[in-house]
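A quick write-up on the structure given underneath.
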Amino acid sequence: MLHLAKDGIFPITKDKDGKLLKELPASGLHVAGTIQGEGKLNGIPSLFIRLAGCNLHCTWKTLAGNTCECDTAYAAFKVENSFSLPIKEIVQIIGHNRGNIDHIVITGGEPFLQADKVRELCMQLKKEAHFHMTVETNATIYVEECAGMIDFFSLSPKLSGSVPPAPHADHHNNTRINIPAIQSFITHARENKKDFQLKFVYSGENDVIEIQALLRQLDGWTNEDILLMPMGATPEELNLSIPKTLEHCIRNGWRFCDRLHISLFGNKQGV
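Those letters in the sequence shown? Residues 1 to 271, per the UniProt record's numbering, in order.
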């Protein structure tokens with residue numbers, strides 16, 4: 001069994017038996033699937049599997065002075081509507097909704113909290129079809145056996161701007177960066193001819209100093225692997241941080257990371 005967030009497998013149009021669902025997916029489209037909205041694989045048709053639970057509790061201050069929680073707080077630490085499904089059933093649902101989609105994104109929450117089950121899921125999906133598997137992780141936990149089944153690592157280390165207020169501040173601050181785990185993902189990717197990205201949220205000038213300091217502790221990356229993403233859960237919030245994000249990308253030779261799904265769908269879940 002895998003523990004899923006409330007949107008679970010998305011966007012889909014059919015159930016595990018291949019029967020049409022009564023309502024359209026949150027995307028509003030008459031087809032299963034969406035596009036990857038962030039990173040090197042931006043724009044590629046994909047199906048998402050969102051797992052519940054996270055070992056961090058991220059909260060940012062926007063440039064407008066507002067508090068911005070993790071954009072998937074409902075999956076990370078507000079999991080009242082989460083549920084569990086057998087791996088076999090997840091594979092069936094994916095099979096009935098894949099169409100011409102070859103990319104599966106496993107996200108969260110933090111997927112490596114369920115590493116053994118994620119590994120089993122990837123094995124089963126790869127038996128069914130030649131799926132390309134992405135995992136989106138905060139890179140605080142590395143499990144070699146699970147990493148071996150993943151094709152692309154989207155690593156999102158959390159900077160000090162993500163530290164929440166008490167009572168979660170101390171735990172978050174003490175565990176948000178794990179250099180050996182990050183390096184293990186990079187080394188695995190390089191040794192096994194896979195790809196990865198280091199994706200950071202820009203929330204202020206100090207973030208750039210922290211990123212530069214973190215990168216000095218890591219080997220095996222190039223500037224093309226470093227992505228800087230504007231903070232915000234709405235187009236209006238993004239527009240406030242895009243100019244400075246762009247400036248720092250150009251100054252440092254990093255990639256600008258769009259949030260295409262927000263441009264297309266706004267601040268919606270399950271798209």
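Yeah, the Cβ is synthetic: ideal placement off N, Cα and C, and Gly gets one too.
Helix, strand or coil: how does DSSP classify Glu128 here? helix
State the beta-bridge partners of Phe200 as determined by DSSP. Leu228
Alpha carbon to alpha carbon, how far is Lys14 from Ala147? 29 Å
Any heavy atom of the ligand MN closer than 7 Å to the beta-carbon of Met1? Here there are no bound small molecules, and the ligand MN is not part of this structure.
Could you check whether Thr107 and Arg50 sit closer than 8 Å to each other, using their CB atoms as the reference points? yes
Which of helix, strand or coil does DSSP assign to Lys14? strand
Looking at the unbroken alpha helix (DSSP H) that takes in Phe185, where does it start and where does it end? 179-191
Under 8 Å between the Cβ atoms of Cys58 and Lys158? yes
Anticipated Cβ contact below 8 Å, Ile104 with Met133, distance rounded: 5 Å
Length at least 4, wholly inside the stretch 29-79: the alpha helix (DSSP H) runs in chain order: 73-76
Compute the Euclidean distance between the alpha carbons of Val163 and Ile90, then round it to the nearest angstrom. 34 Å
Answer yes or no: do Phe131 and Leu155 have a C-beta to C-beta separation smaller than 8 Å? no
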